[in-house]
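Novice: Can you read through this structure? Questions will come right after.
In the working numbering, the protein residues as written are 7 to 161.
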């Protein structure tokens, strides 16, 4: 009877450990930028910011990404301004060399900022998912010794 209770307890702990799954974050491209999901639930930006603060490495990459996104938005606004400058000079039959160079330069700078921002977002998500996978301090491993065959908790 004592062995039966021990086997049931071991089996129950094994099932509990196997059913515990980490909630990883998945990112998909949406119409207005990346959309983040956690187990089929769409996350808001506030939720994703809070989740990223759980891992120091993910938080570091996430913070870099946000700063680079702001830089990209500033460059995008400058790009919009240079486009207007280009169009005004073209309509007034003024030289358009300066506005064209400024338009191309701000466009390239903005795209570099956005590219690095997306790269850091992906890195932050991968770091978070990796930290979630290693989040438990114990795991069940098969054990065979002089007492028989079973599962052992490894810390």
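Don't be surprised by glycine CBs; every beta carbon is placed ideally from N, CA and C. Keep in mind it's a predicted model, so treat the numbers as computed, not measured.
Who are the Cβ neighbours of residue 71 in its own chain at under 6 Å, not counting the five residues just before and after it?
Specialist: What you label residue 71 is simply residue 65 of the chain shown in a count that begins at 1. Around residue 71: 123, 126, 127.
Novice: Quick one: grab the DSSP three-state call for residue 50.
Specialist: Locating residue 50 in the chain shown gives position 44, counting from the first residue. If DSSP states are grouped into helix, strand and coil, residue 50 belongs with coil.
Novice: Between which two residues does the beta strand (DSSP E) containing residue 61 stretch?
Specialist: Along the chain shown, read from residue 1 onward, the residue named residue 61 stands at position 55. Under the DSSP assignment, residue 61 falls outside any beta strand (DSSP E); it carries neither an H nor an E label.
Novice: Measure the Cβ-Cβ separation of residue 116 and residue 78 and say whether it is below 7 Å.
Specialist: Locating residue 116 in the chain shown gives position 110, where the first residue counts as 1. Locating residue 78 in the chain shown gives position 72, where the first residue counts as 1. Their beta carbons are under 7 Å apart, which means residue 116 touches residue 78 by this criterion.
Novice: Quick check on the burial criterion: 16 or more other C-beta atoms within 10 angstroms. Buried or exposed for residue 64?
Specialist: If you number the chain shown from 1, residue 64 lands on position 58. It is buried - the Cβ of residue 64 has at least 16 other Cβ atoms within 10 Å.
Novice: Given a cut-off of 7 Å, decide if residue 134 and residue 61 are closer than it, judged by their beta-carbon atoms.
Specialist: Here residue 61 is taken as the residue at index 55 of the chain shown, counted from 1. Here residue 134 is taken as the residue at index 128 of the chain shown, counted from 1. Taking 7 Å as the Cβ cut-off, residue 61 and residue 134 qualify as a contacting pair.
Novice: From which residue to which residue does the beta strand (DSSP E) around residue 30 run?
Specialist: Counted from its first residue, the chain shown places residue 30 at position 24. Looking at the DSSP string, residue 30 is not in any beta strand (DSSP E), and its letter there is neither H nor E.
Novice: If I measure Cβ to Cβ from residue 31 and keep anything under 8 Å in the same chain, skipping five residues before and after, which residues do I get?
Specialist: Here the question's residue 31 lines up with position 25 in the chain shown. Hits under 8 Å: 42, 43, 44, 49, 54, 57, 131, 134, 135.
Novice: How would you call residue 158, buried or exposed, if buried means at least 16 neighbouring beta carbons within 10 angstroms?
Specialist: Walking along the chain shown from the start, residue 158 turns up at place 152. By the 10 Å Cβ count, residue 158 comes out exposed.
Novice: Helix, strand or coil: how does DSSP classify residue 153 here?
Specialist: Taking the chain shown and counting its residues from 1, one reaches residue 153 at position 147. If DSSP states are grouped into helix, strand and coil, residue 153 belongs with coil.
Novice: Does residue 37 come out as helix, strand or coil in the three-state DSSP assignment?
Specialist: One-based indexing of the chain shown puts residue 37 at position 31. Coil at residue 37, not helix or strand.
Novice: Pull the bridge partners of residue 148 from the DSSP assignment, please.
Specialist: As a first step, residue 148 must be located in the chain shown, where it is residue number 142. Looking at the DSSP assignment, residue 148 forms a beta bridge with 157.
Novice: On a CA-only basis, which of 98, 120, 81, 101 is nearest residue 110? Give me that one, please.
Specialist: On the chain shown, residue 110 is found 104 positions in, with the first residue counted as 1. Checked all of 98, 120, 81, 101; the closest Cα to residue 110 is 81.
Novice: Just how far apart, CA to CA, sit residue 91 and residue 105?
Specialist: Working through the chain shown from its first residue, we reach residue 91 at position 85. Working through the chain shown from its first residue, we reach residue 105 at position 99. Computed Cα separation, rounded: 6 Å.
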